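*Asks:*
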Amino acid sequence: MIGHSYTVSFFLDAVVGYGIPASVHVQAGGASQTFNKTTNGWQAYSLDFVATGLNTAITLSGVRSPNTYYIGLDNVAVTAAPSSVTAPEPTSLALLSLGLVGMIGARRRYG
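Using this note's numbering, you'd call the opening residue of the sequence shown number 146 and step up by one each time.
#1: Using CA coordinates, which residue listed in A173, G217, L218 and T183 is at the minimum distance from A196?
#2: For Y151, does the count of other Cβ atoms within 10 angstroms reach 16, so buried, or fall short, so exposed?
#3: Here's a check: name, in chain order, each residue in its chain whose Cβ is nearer than 7 Å to the Cβ of L199, leaving out the five neighbours to either side.
#4: So, with DSSP's three-state summary, where would you put A196?
#5: Return no unless some Cβ of chain C is closer than 7 Å to the Cβ of G247.
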C-alpha cells in the first residue's frame, strides 16, 4: 500500500579472497543501501522502505570484485511493518454510542 512501511530481508554469502568485499546494492521505494560482505558464511541483512506506489520496485544487484568467486542470496522476503493504527474495540464503540444517546436524551429533556 502506498505510504506503508515494509522491510526487505535476505541472507547473503560470498566466497571472497584477499579481504576484498563482495557487495549487494538494494533499492526499494526511494531507500537504498550497499551491503558489503568480507567474510565467508551466510549473514542476514535488511532494508526498511516506504512504498511509493501501487507497484514499488525492489532491486538487488550483486557487485562482484575480481577475487570474489560467487555471491549468493537466499530467503529474500518482503514484510509489512506492524501498523500503529489500532481499530477501536466493539465494547468501546458501544460505550461511546450509549454516551451519545444519553447526551441527546438529556438535551431533549432539558432543552
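Using N, Cα and C, we set each Cβ at its ideal position, and we do this for glycine too.
This one's a predicted model, so the numbers in the text were calculated from it and none came from an experiment.
*Replies:* Working from what's here:
#1: Within the sequence shown, residue 196 is the residue found at index 51, counting from 1. Residue A173 is the option with its Cα nearest to A196.
#2: For the purposes of this step, residue 151 is identified with residue 6 of the sequence shown, where counting begins at 1. The residue in question, Y151, is buried, as its Cβ has 16 or more Cβ neighbours within 10 Å.
#3: Residue 199 sits at position 54 when you count from the first residue of the sequence shown. Around L199: I147.
#4: Taking the sequence shown and counting its residues from 1, the one referred to as residue 196 is at position 51. Residue state, collapsed to three classes: coil.
#5: In the structure shown, chain C cannot be found, because there is only a single protein chain.
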